[in-house]
Amino acid sequence: MTNLYFVRHAHSVYTPDELTRPLSEQGLNDAKKVTEFLKDLSVEYVISSPYKRAVQTVEGIAAYIGGQLFILEDFRERLLSGMPVDDFQAAIERVWDDTSFAWDGGESNAAAQKRGVEAMLQVLSSYPGKNVVIGTHGNLLVLIMNAFDQSYGFEFWKQLAMPDIYKLSFEGTKLMEVKRIWS
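Residue numbers (the working numbering): 864 to 1046.
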């Protein structure tokens, strides 16, 4: 059984630069709690989105296990639009309503989901039978889960916490169980 612990990043300070947006003070405190929580789960590998807020959320568990934190570009958050949107709520609802729709310069749900699932399959083939932490983002996490069960959608995404942790257990590439383990 391969266990993937998907960690949605903790609260971040909003900046327009997605790549370098850091965690807030609350987010940094929560990242320490994430590390403490994950210590007892026999984590063997830690992978993260390249975005600073995701890295900061899981770098503590990588340090704890004495392992390297591997960056996997395809676990980055989906790009909603190439330009700032006037109404984020309406813009995000639109891409969930029509999975093939993309705002100018942005990524459709279908494209982001394909990217995320391919990254996850890469992890499953590289670390069979292992316990792997993956630092990522809410929208991408739900899109990956949605590929296996369409009940994970927009309404589910809206209720995610920052941070949040979901354990996805696989036999090969077959999803056996999804469990929220963060409380």
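Just so it is clear, CB atoms sit at the ideal spot from N, CA and C, and this is done for glycine as well.
Closest residue to residue i among the options (Cα-Cα distance)
i, options, result
"Gly1001", "Tyr1029, Ala953, Gln1013 and Thr878", "Tyr1029"
"Ala1010", "Tyr877, Arg884, Lys1037 and Gln976", "Gln976"
"Ser1046", "Tyr1015, Phe900 and Phe1033", "Phe900"
"Gln1022", "Arg1043, Asp960 and Val948", "Arg1043"
"Asp893", "Ser905, Ala917, Leu904 and Ile1007", "Ala917"
"Leu867", "Ile934, Met983 and Ser963", "Met983"
"Ala1024", "Val870, Thr865 and Leu886", "Val870"
"Trp827", "Tyr1015, Leu882, Val1041 and Lys896", "Because the chain spans 864 through 1046 in this model, residue 827 falls outside it and cannot be assessed."
"Thr999", "Val909, Ser887, Lys896 and Ser963", "Val909"
Host beta strand (DSSP E) of residue i (start-end)
i, result
"Tyr868", "Thr865 to Arg871"
"Val909", "Tyr908 to Ser911"
"Phe933", "Leu932 to Ile934"
For residue i, the residue or residues it bridges with in DSSP
i, result
"Val948", "Val948 pairs with nothing; no bridge assigned."
"Val1005", "None, per the DSSP bridge assignment."
"Glu1034", "Lys1037"
"Thr999", "Arg871"
"Arg1043", "Tyr1029"
"Asn994", "Asn866"
Nearest-angstrom Cα separation, counted from residue j out to residue i
i, j, result
"Gln889", "His874", "7 Å"
"His872", "Pro1026", "5 Å"
"Ile997", "Ala926", "14 Å"
"Gly979", "Val1005", "10 Å"
"Leu932", "Glu1034", "24 Å"
"Phe907", "Leu891", "Note that residue 907 corresponds to Glu in the displayed sequence, not to Phe. Approximately 23 Å, taken between the alpha carbons."
"Glu1018", "Pro991", "32 Å"
"Ala974", "Gly968", "13 Å"
"Pro947", "Gln1013", "28 Å"
"Lys1037", "Ser988", "12 Å"
"Arg884", "Gly945", "17 Å"
"Leu943", "Ile934", "21 Å"
"Asp961", "Ile1007", "16 Å"
"Asp880", "Ser971", "20 Å"
"Trp1020", "Gly929", "32 Å"
"Ser1032", "Tyr877", "33 Å"
"Asn865", "Val995", "The question names Asn, but residue 865 is Thr in the sequence shown. Cα to Cα, the separation comes out at about 8 Å."
"Met1039", "Thr898", "25 Å"
"Lys993", "Ser905", "9 Å"
Residue interval of the alpha helix (DSSP H) (run including residue i)
i, result
"Arg941", "Per DSSP, Arg941 belongs to no alpha helix (DSSP H) and is neither H nor E."
"Tyr927", "Lys915 to Ile928"
"Gly890", "Glu888 to Leu901"
"Gln985", "Asn972 to Ser989"
**Asked** Is there contact between the stretch 920 to 929 and the stretch 939 to 952, where contact requires at least three CB pairs shorter than 8 Å?
**Response** no
**Asked** Hey, is the stretch 912 to 919 in contact with the stretch 929 to 941, meaning 3+ C-beta pairs nearer than 8 Å?
**Response** yes
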